[in-house]
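Participant: I have a structure here, written as structure tokens, and I will follow up with some questions on it.
Residue numbers (the numbering used here): 48 to 544.
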């Protein structure tokens, strides 16, 4: 969603950081471009104007223009001010649900993703916080709205209030409150009805439910693709109902992201969560410092590590590390790594979180390297026998033809896979000998090996340079390590004859 803004800002700051010295005129020219980029990203004019004036005030002093790295200093100031613009009060993910049964009221317009978000949040509370959750649909207008929530509840293993036809929303809210108290639930979530636009009937209905339920949290679900209209919707709901936070959906789309940057500054309400897809686990806490890092092309290593920790078991990681240190890396290990990449959101998602990976992502797209390529590679590995997976060096021409035919692919693609396997195995062996692999795994599994300050571009650049100095030959093309090329073994993939 922030891709266009990120590219525009990236171009501005690349020119700044290349200059050895900066005058105040250079900074002002750059900030004019920043303001234009913000306005084109659908950020509201008052917010863009205020943001640029704050940055200009801090970036035109002697401390910046006379510093050794003035360009980096300006980037740091812009990053800090982005965080200030995006930040709400308190922990964005900390919902007030300490006194059971705690009611959460979900409000918003029709089509914004309210019902799906209710289920996503219920799943998150159940799995991450160990809460017993009851969901209730109060939407008596939209056909099959209640059935939709019941189906989603069955999918994620969360209880839903039994459907009683003919009840009005207030009666359903009262029944949900009683059921939650008698059933020993920690949280009950009320999914209210929406309209195509804000009207008096909608507001009156939501107000009546609010007065009965007395919710601990009132979350407004708005479509992130609607831009500034999402901010107006939030203001209207807050004036009438009083909301405690906002959930922005469809943030994985190709919208311009202005709603996220304007929401906090205009409404005063924090963005609590963002929806990043249709899957039930595609809901993330809105972390301003990480979002700012992504916008400025610094990546989001913290989120990447968290995703890895969610999908990798500690025992499995230790077992893999011991094998790699001995130089053991067969097709089963490669298959596990390819599966891992898909579980973590695929290549595009991972590249979006790596610092400095924009150039590499473009190269990968041009070369046809995407999730389909990963799936083709997995198909080739699955077409092998157990013996062939454990000892890929035994693969001769006849075996290669059989494997490629079994996967419905060409021998050429199998040869490319084998080449990538050999290069990856060599790389793992070198990293294992130097002790670097152990340090990386420790950091990945949360066992020390501290991370550089994501808010400090200079610290990120220094860490990348230090890491590159310890990298084995052939790894200079990895994102964030100072190289612009694709990793070894991938350059031929995805290209057709």
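Just so it is clear, CB atoms sit at the ideal spot from N, CA and C, and this is done for glycine as well. These numbers were taken from a predicted model, which means no experiment stands behind them.
Alpha carbon to alpha carbon, how far is residue 299 from residue 285? Give it in angstroms, no decimals.
Facilitator: 26 Å
Participant: How about residue 280 and residue 155: are their beta carbons less than 9 Å apart?
Facilitator: yes
Participant: What number of angstroms, rounded off, separates the C-alpha of residue 202 from the C-alpha of residue 175?
Facilitator: 17 Å
Participant: Could you tell me the distance, in whole angstroms, from the CA atom of residue 98 to the CA atom of residue 264?
Facilitator: 30 Å
Participant: So, residue 391 versus residue 437, is the Cβ gap smaller than 9 Å?
Facilitator: no
Participant: Whole angstroms is fine: what's the gap from residue 473's alpha carbon to residue 454's?
Facilitator: 26 Å
Participant: Starting from residue 190, follow its DSSP beta bridges and name the residues at the other end.
Facilitator: DSSP lists no bridge partner for residue 190.
Participant: Run through the DSSP bridge pairs and tell me what residue 235 is partnered with.
Facilitator: In the DSSP output, where bridge partners are listed per residue, residue 235 has 150 and 181.
Participant: Give me whichever residues DSSP pairs with residue 331 in a beta bridge.
Facilitator: 321
Participant: For residue 141 and residue 320, I'd like the C-alpha separation in whole angstroms.
Facilitator: Taking C-alpha positions only, residue 141 is separated from residue 320 by approximately 11 Å.
Participant: At 4 residues or longer, what runs of the alpha helix (DSSP H) sit wholly inside the stretch 225-276?
Facilitator: 247-260
Participant: Note down the Cα distance separating residue 381 from residue 193, rounded to an integer number of angstroms.
Facilitator: 44 Å
Participant: Does residue 369 pass the burial test, meaning 16 or more other C-beta atoms within 10 Å, or should it be called exposed?
Facilitator: exposed
Participant: Cα-Cα, which of 150, 147 and 182 is closest to residue 163?
Facilitator: 182
Participant: What ranges does the alpha helix (DSSP H) occupy inside the stretch 424-475, keeping only unbroken runs of at least 4 residues that lie completely in it?
Facilitator: 433-437 and 444-454
Participant: My understanding is that residue 233 touches residue 180, with C-beta atoms under 8 Å, so please give their C-beta distance in whole angstroms.
Facilitator: 7 Å
Participant: Indicate the three-state DSSP secondary structure (helix, strand or coil) for residue 173 in the structure shown.
Facilitator: helix
Participant: If you drop the 5 nearest sequence neighbours on each side, which residues of the same chain put their C-beta closer than 6 Å to that of residue 82?
Facilitator: For residue 82, where only same-chain residues beyond five positions count, the Cβ hits under 6 Å are 95 and 99.
Participant: I need the DSSP call for residue 90, collapsed to helix, strand or coil.
Facilitator: Coil, per DSSP.
Participant: Between the stretch 209-221 and the stretch 119-127, do at least 3 Cβ pairs fall closer than 8 Å?
Facilitator: no
Participant: Rounded to whole angstroms, how far is the Cβ of residue 150 from the Cβ of residue 266, which I believe are closer than 8 Å?
Facilitator: Contact between residue 150 and residue 266 is absent: CB atoms are separated by about 11 Å, not below the 8 Å threshold.
Participant: State the DSSP-derived secondary structure class of residue 64, mapped to helix, strand or coil.
Facilitator: helix
Participant: So, with DSSP's three-state summary, where would you put residue 417?
Facilitator: The answer is coil: DSSP assigns residue 417 none of H, G, I, E or B.
Participant: Between which two residues does the beta strand (DSSP E) holding residue 296 run?
Facilitator: Going by DSSP, residue 296 is part of the beta strand (DSSP E) stretching over 292-296.
Participant: Please report the residue range of the alpha helix (DSSP H) in which residue 314 lies.
Facilitator: Per DSSP, residue 314 is one residue of the alpha helix (DSSP H) stretching across 305-314.
Participant: Are the beta-carbon atoms belonging to residue 241 and residue 157 less than 9 Å from one another?
Facilitator: yes
Participant: Just verifying my parser: in three-state terms, what is the DSSP assignment at residue 134?
Facilitator: coil
Participant: Give the straight-line distance between the Cα atoms of residue 93 and residue 71, rounded to the nearest whole angstrom.
Facilitator: 23 Å
Participant: Straight-line CA distance for residue 325 to residue 173?
Facilitator: 19 Å
Participant: Go ahead and pull the three-state DSSP assignment for residue 206.
Facilitator: strand
Participant: Is the beta carbon of residue 44 sitting closer than 9 Å to the one on residue 219?
Facilitator: Here the chain covers residues 48 to 544 and nothing more, so residue 44 does not appear.
Participant: Could you have a look at residue 107 and say whether DSSP puts it in helix, strand or coil?
Facilitator: In the structure shown, residue 107 sits in coil (DSSP, three-state: anything other than H, G, I, E or B).
Participant: Among residues of its own chain, excluding the 5 on either side of residue 170, which ones have a beta-carbon nearer than 6 Å to its beta-carbon?
Facilitator: 203 and 327
Participant: Near residue 312, what residues of its chain come up, given a Cβ to Cβ distance below 6 Å and the 5 sequence neighbours on each side ignored?
Facilitator: Counting only Cβ-Cβ distances below 6 Å, and skipping sequence neighbours, we find 94 and 132.
Participant: When you compare only the Cα positions, how much space is there between residue 187 and residue 243?
Facilitator: Between the C-alpha atoms of residue 187 and residue 243 there is a straight-line separation of about 15 Å.
Participant: How would you label residue 383, buried or exposed, when you count the other beta carbons within 10 angstroms and need 16 or more for buried?
Facilitator: Residue 383 comes out exposed.
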